[in-house]
Amino acid sequence: MLTDALIVVLTPVYTMPRLERPVSSLSDEDVLALSKAQMRPAQGRRLSALLGKQREGELAESARSELLALMQVYNQLWIRQSEALAEAVRRGLRRPLEP
Numbered sequence: 008m009l010t011d012a013l014i015v016v017l018t019p020v021y022t023m024p025r026l027e028r029p030v031s032s033l034s035d036e037d038v039l040a041l042s043k044a045q046m047r048p049a050q051g052r053r054l055s056a057l058l059g060k061q062r063e064g065e066l067a068e069s070a071r072s073e074l075l076a077l078m079q080v081y082n083q084l085w086i087r088q089s090e091a092l093a094e095a096v097r098r099g100l101r102r103p104l105e106p
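Take any residue in the sequence shown, note its place counting from 1, add 7, and you have its number in my numbering.
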């Protein structure tokens, strides 16, 4: 299971690179919005379904690339959201998250 997780995280799925503005250059409103960003509901449901099939050992080989692509979307969003949360705290727009 750990090997599968590492493969998902470390295997890039080819996508055209997006040039995203640094979080530090965004307006306060955009930083706060990005700090609350989530996957589209349909993507989230599909990701959950594919992860469930993988956990149960029922993931078809043909679905593996879709799972990898959705994991990449999730990871990129999580990184951007984390950057936005840090920037919002740095700017005093919100308090640090409690442990």
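From the three backbone atoms N, C-alpha and C, an ideal C-beta is built for every residue, glycine too. Because the structure is a prediction, the values reported are computed rather than measured.
query: Run of the alpha helix (DSSP H) containing R102, from where it starts to where it stops; result: Taken as a continuous stretch (DSSP letters only), R102 belongs to no alpha helix (DSSP H), as it is neither H nor E.
query: Where the alpha helix (DSSP H) through P48 begins and ends; result: P48 to R62
query: Close-in-space but distant-in-sequence residues of the same chain around P103 (CB under 6 Å, 5 per side omitted); result: V96
query: Nearest-angstrom Cα separation, counted from Q88 out to L41; result: 6 Å
query: Residue from A49, R47, L74 and M46 whose Cα sits closest to the Cα of G59; result: L74
query: The region 77 to 87 touching the region 46 to 59, judged by at least three CB pairs closer than 8 Å; result: yes
query: Contacting residues, own chain, Cβ-Cβ under 8 Å from V38 (five flanking each side not counted); result: V30, A91, E94, A95, R98 and L100
query: Delimiting residues of the alpha helix (DSSP H) encompassing V93; result: The sequence given here has Ala at residue 93, not Val. That run of the alpha helix (DSSP H) goes E68 to R98.
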